[in-house]
DNA sequence: GATGAATGAGTGTTCATTCAT
DNA sequence: CATGAATGAACACTCATTCAT
């Protein structure tokens with residue numbers, strides 16, 4: 649008697665999940681080519697035939713794997729919309745949250761940077777990343793404008809502010825190696841906020 | 649009659665040079681594994697066998713190739729020491745120069761970021777990069793301190809300032825895609841300087 | 649209440665039948681290796697697992713599939729024994745019938761020729777084909793002898809005549825590509841009869 | 649010092665030749681899929697890497713292999729044009745030569761029949777085979793017409809005669825298994841000639 | 001009986017490395 | 001020095017077969 653549909657689906661999803669988690673880890677540590685399908689299979693406790701069974705081929709697996717951190721990042725940008733407080737408060741909250749995210753999940757985002765560095769090899773994923781950038785910008789710029797209006801932020805071109813912050817985030821992800829809870833990160837958070845040109849009370 | 653020693657050496661160096669230039673281009677465009685030795689041979693007009701003759705093996709070639717942009721970056725940081733003007737002037741000059749460098753030679757630095765993303769695969773190069781970071785910091789921090797002393801810069805921890813600027817530079821290299829001469833870059837330069845906390849005359 | 653034996657058997661046979669029909673089509677169009685079990689399953693609307701359940705393994709399925717056209721051919725040769733008319737009439741009838749068969753079912757016989765071309769791979773099926781040849785010869789030669797006796801056919805070695813006709817049939821099956829109802833086929837039928845050396849009235 | 653060009657080329661051609669001969673044998677005995685590249689490599693005393701080096705991929709090797717017997721057949725048809733004697737003499741000579749060829753090189757032609765049976769899989773080779781059929785027809789039909797004109801042959805549609813002879817040849821290649829020098833072949837040659845409708849002296 | 005998930009042997013292909021010339 | 005032919009390890013992918021449910 650064949651397994652009932654629901655059970656199969658759940659098993660399937662759990663297994664896919666496990667494979668993807670492992671794949672993200674290996675792909676970001678070792679790169680696309682040094683990560684073989686059988687390594688992923690072994691590390692995720694699945695027979696290597698199943699990888700192709702679930703993901704069709706290695707490229708597909710890679711794409712699905714990269715989309716996961718991209719979508720997590722995606723969510724993080726919208727945090728700014730669902731938080732109480734003034735514009736600057738919300739920006740600070742977002743920066744703090746994202747820097748932490750990037751810190752604690754360095755590896756995961758390494759995968760995104762891998763794609764950024766191999767634009768020619770993954771055009772579809774690049775599209776996804778561009779779309780992600782646009783969405784993020786559209787989420788953040790209104791808050792910047794609001795902050796400038798109420799005098800919390802200096803009037804600097806919001807596009808520039810956002811692009812520089814976005815770059816900064818990516819930059820610390822690839823070039824800072826301090827361990828997650830090091831106090832240094834708090835200072836990097838402050839520098840991130842600083843890119844938004846907050847007006848200090850004493851300067852008002 | 650054998651060629652005089654000097655002439656042979658020069659030929660040899662020119663050929664190595666040519667191979668390395670080509671290798672940097674291919675490695676950064678296509679990644680380590682998609683760049684085959686025979687592609688490099690063909691693109692640099694050198695016979696296939698010579699590449700191994702000159703560089704021992706592919707890994708060596710890659711390492712030598714990556715060291716070139718690293719060393720160019722290295723030089724660029726010391727610019728700050730050989731320029732006239734106040735601390736802030738020198739910092740501004742350096743930021744402007746480096747942002748331009750990163751912009752015009754995006755590809756070349758992509759190679760460095762490739763290594764940053766593959767720490768496990770290239771431990772020796774990582775050492776090189778860490779050393780480079782330290783040297784750069786040691787070159788820039790005295791100028792920051794000087795600027796703070798003479799009241800050009802707000803007193804923010806210099807280590808933090810440098811690390812954030814360094815990250816910012818890398819970040820724009822991987823995530824900004826505007827063409828080199830786009831006016832947007834000027835604004836990104838300003839944001840770079842802003843990370844050093846210059847005190848605006850009006851605030852003084 | 650279990651199904652009555654007869655009903656189950658019938659279902660089973662219908663399913664096997666359906667699988668075999670599909671298998672013949674796919675095997676002859678695409679060859680043994682390009683025809684996968686799951687393609688057969690899908691095309692015949694049977695679940696993947698059932699194919700192995702019914703046929704044990706792929707090789708068995710192939711063998712059973714090839715036997716079907718062989719047995720159809722087998723029947724066609726005996727037609728000659730159950731037809732009225734003179735020896736030449738019966739030969740003519742057989743040739744016409746068989747050429748048509750080969751024409752209309754080119755695909756089906758392609759499977760037999762596939763085996764003929766892969767003798768080493770299917771020794772058992774080759775035995776079957778040799779047996780078939782012998783049976784066919786034994787059915788046809790008496791009629792040839794009869795025709796020669798009554799002066800309808802020239803006295804040529806009946807073994808030779810049969811072997812050449814048999815080859816001719818196979819030959820047109822693999823090398824003539826005109827569509828089934830093309831008038832050209834009638835002329836090929838005449839050439840088939842000609843191999844039996846009929847004595848034309850005018851020559852008598 | 650690199651090998652002189654001529655020497656390399658000769659070595660290369662000899663090796664390609666050896667590989668092709670082996671490939672023809674294996675492909676015709678075992679079919680496309682049961683013949684692995686490493687089997688070919690082993691049987692021809694070449695490292696398996698060389699096969700891809702010389703032939704790019706398995707498909708190409710197969711194509712080159714099939715073209716060899718096709719081109720040999722091609723030549724054999726033109727024999728008819730370069731032989732002395734009456735039309736019937738020349739036809740007889742051709743039939744004898746070709747039947748022998750097919751007999752002695754059964755294996756080699758099996759490859760051609762393999763392609764004939766897998767039309768969908770090898771469309772380019774099918775084009776080649778159709779072209780070959782047309783060329784052969786164009787070589788033989790004038791001789792048939794000549795024979796009919798001078799009263800050596802009965803006036804039967806030359807297209808039909810040629811097509812039936814062509815089929816006959818292919819048919820004996822796939823369905824007659826007597827060893828090459830068996831006297832039976834002589835009789836099969838006679839049946840081949842018979843398809844051209846020679847007028848026997850006694851009937852004239 | 002019936003299903004399709006799971007397994008892993010087998011193959012084509014790529015490519016770094018070696019080495020004869 | 002220079003060349004490119006030769007080798008074979010390594011990998012992605014396919015698919016027949018098994019078997020739990």
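Residue numbers (the numbering used here), protein chains in the order written: chain S, 649 to 852; chain V, 649 to 852; chain B, 649 to 852; chain R, 649 to 852. Where is the CB? At the ideal position from N, CA and C, for every residue including glycine.
Exercise. Going by the beta-carbon positions, is the gap between residue 856/R and residue 823/B smaller than 8 angstroms?
Worked result: Past the edges of chain R, shown from 649 to 852, lies residue 856/R, and the structure says nothing about it.
Problem set entry | Burial state of residue 660/S (16 or more Cβ within 10 Å) | Burial call: exposed.
Exercise. If you measure from the beta carbon of residue 811/S to each beta carbon in chain V, is any gap under 8 angstroms?
Worked result: For residue 811/S, at least one C-beta of chain V is nearer than 8 angstroms to its own C-beta.
Exercise. Interface residues of chain R around residue 799/B at Cβ under 9 angstroms?
Worked result: Chain R residues near residue 799/B: none, gap ~15 angstroms exceeds 9 angstroms.
Exercise. Mind listing which residues of the segment 666–692 of chain S have their C-beta closer than 7 angstroms to chain V's C-betas, in chain order?
Worked result: Listed by position along the chain: 677, 678, 679, 681 and 682.
For this session: Scan the segment 774–824 of chain B and note each continuous alpha helix (DSSP H) run of 4 residues or more that stays entirely inside, going in chain order.
Result: 806–823, all fully within the segment 774–824 of chain B.
Exercise. Are residue 746/V and residue 808/S touching if we call contact CB-CB under 8 angstroms?
Worked result: Against a cut-off of 8 angstroms, the Cβ pair of residue 808/S and residue 746/V comes out as no contact.
For this session: Establish whether the CB of residue 853/R and some CB of chain B are separated by less than 8 angstroms.
Result: This structure leaves residue 853/R out entirely; chain R is present only between 649 and 852.
Exercise. Which residue comes first and which comes last in the alpha helix (DSSP H) that contains residue 746/R?
Worked result: First-last of the alpha helix (DSSP H) with residue 746/R: 735–752.
Problem set entry | Best match in 697/V, 700/V and 751/V for proximity to residue 829/V [C-alpha to C-alpha] | Residue nearest to residue 829/V within the set 697/V, 700/V and 751/V is 751/V (criterion: CA-CA distance).
Exercise. Looking at C-alpha atoms only, which residue of 762/S, 680/S, 684/S and 696/S is the closest neighbour of residue 663/S?
Worked result: When only C-alpha atoms are compared, the closest one is 696/S.
For this session: Count the other C-beta atoms from every protein chain shown that fall within 10 angstroms of the C-beta of residue 683/V, then say buried if there are 16 or more, exposed otherwise.
Result: Taking a 10 Å sphere around the C-beta of residue 683/V, we find 16 or more other C-beta atoms and assign the residue as buried.
Exercise. At a CB-CB cut-off below 7 angstroms, which residues of chain B make contact with residue 824/R?
Worked result: Chain B residues near residue 824/R: 811 and 815.
Exercise. Relative to the alpha-carbon of residue 768/B, which residue among 724/R, 674/R, 708/R and 670/R has its alpha-carbon at the smallest distance?
Worked result: Out of 724/R, 674/R, 708/R and 670/R, the CA that lies nearest to the CA of residue 768/B is found in 674/R.
Problem set entry | Coarse secondary structure for residue 858/S, derived from DSSP in three states | Coverage of chain S is limited to positions 649 through 852, which leaves residue 858/S absent and any answer about it impossible.
For this session: Take the Cβ of residue 761/R as the centre, count every other Cβ of all protein chains shown within 10 Å, and call the residue buried at 16 or more, exposed below.
Result: With 16 or more neighbouring CB atoms inside 10 Å of its own CB, residue 761/R falls in the buried class.
For this session: Spatial neighbours of residue 852/B within its chain, please: CB distance less than 7 angstroms, with the 5 preceding and 5 following residues excluded, ordered by chain position.
Result: The pLDDT assigned to residue 852/B is 39, lower than 50, so where the model puts this residue is not dependable; a value taken from the coordinates is nonetheless given after this. Short of 7 angstroms from the beta carbon of residue 852/B, and not among the five residues preceding or following it, lies no beta carbon of its own chain.
Exercise. Below 8 angstroms, can you find three or more Cβ-Cβ pairs linking the segment 837–847 of chain B to the segment 785–803 of chain B?
Worked result: The segment 837–847 of chain B and the segment 785–803 of chain B touch, with no fewer than 3 CB-CB distances between them shorter than 8 angstroms.
Exercise. When DSSP builds the beta bridges, which residues end up paired with residue 631/R?
Worked result: No statement about residue 631/R is possible, as the shown extent of chain R runs from 649 to 852 and does not include it.
Exercise. If the cut is a Cβ gap below 9 angstroms, which residues of chain R does residue 795/B touch?
Worked result: Chain-order list of chain R residues neighbouring residue 795/B: empty, with the shortest C-beta distance near 16 angstroms, by a criterion of under 9 angstroms.
For this session: Answer yes or no: does any C-beta atom of chain V fall closer than 8 angstroms to that of residue 715/S?
Result: Any Cβ of chain V closer than 8 angstroms to the Cβ of residue 715/S would place that residue at the interface, and such an atom is absent.
For this session: Please name the residue in 820/V, 816/V, 749/V and 692/V whose C-alpha comes closest to that of residue 718/V.
Result: When each option's Cα is compared against that of residue 718/V, the closest is 749/V.
Exercise. Residues of chain S with CB under 7 angstroms from residue 805/V, in chain order?
Worked result: Close partners of residue 805/V in chain S (Cβ separation under 7 angstroms): 835.
Exercise. How would you call residue 701/V, buried or exposed, if buried means at least 16 neighbouring beta carbons within 10 angstroms?
Worked result: Under the 10 Å beta carbon count, residue 701/V is surrounded by fewer than 16 other beta carbons and is classified as exposed.
For this session: Take residue 705/R as the anchor and find which of 686/R, 693/R and 720/R has the nearest alpha-carbon.
Result: Ranking 686/R, 693/R and 720/R by CA distance to the CA of residue 705/R puts 686/R first.
Exercise. What is the C-beta distance between residue 819/S and residue 692/V, in whole angstroms, given that I count them as a contact (C-beta under 8 angstroms)?
Worked result: Between residue 692/V and residue 819/S the Cβ distance is about 32 angstroms, and since that is not below 8 angstroms, they are no contact.
Problem set entry | Within chain R, the residues that residue 820/B reaches when beta carbons sit closer than 7 angstroms | Those are 815, listed as they occur along chain R.
For this session: May I ask you to report which of helix, strand or coil DSSP gives residue 670/V?
Result: Looking at residue 670/V - three-state DSSP - the assignment turns out to be helix.
Exercise. Does residue 729/V get closer than 8 angstroms to chain S when you measure Cβ to Cβ?
Worked result: Not one chain S Cβ lies under 8 angstroms of residue 729/V.
Exercise. How about residue 736/B: is its C-beta nearer than 8 angstroms to some C-beta of chain R?
Worked result: Using a CB distance cut-off of 8 angstroms, residue 736/B does not count as an interface residue toward chain R.
For this session: Answer with buried or exposed for residue 649/R, where buried requires no fewer than 16 other C-beta atoms within 10 angstroms of its C-beta.
Result: Low confidence applies here, because residue 649/R scores a pLDDT of 47, under 50, leaving its location unreliable; read the following figure in that light. Residue 649/R is classed as exposed because its beta carbon has fewer than 16 other beta carbons within 10 Å across all chains shown.
For this session: Determine the direct distance from the alpha carbon of residue 688/R to that of residue 703/R, and round the result to whole angstroms.
Result: The alpha-carbon of residue 703/R is positioned some 12 angstroms away from that of residue 688/R.
Problem set entry | For residue 827/S, three-class secondary structure by DSSP | Reduced to three states, the DSSP call for residue 827/S is coil.
Problem set entry | Proximal residues to residue 725/V (C-beta, below 6 angstroms), its chain only, five neighbours per side dropped | Closer than 6 angstroms at the Cβ level, and outside the excluded window around residue 725/V, lie 784 and 787.
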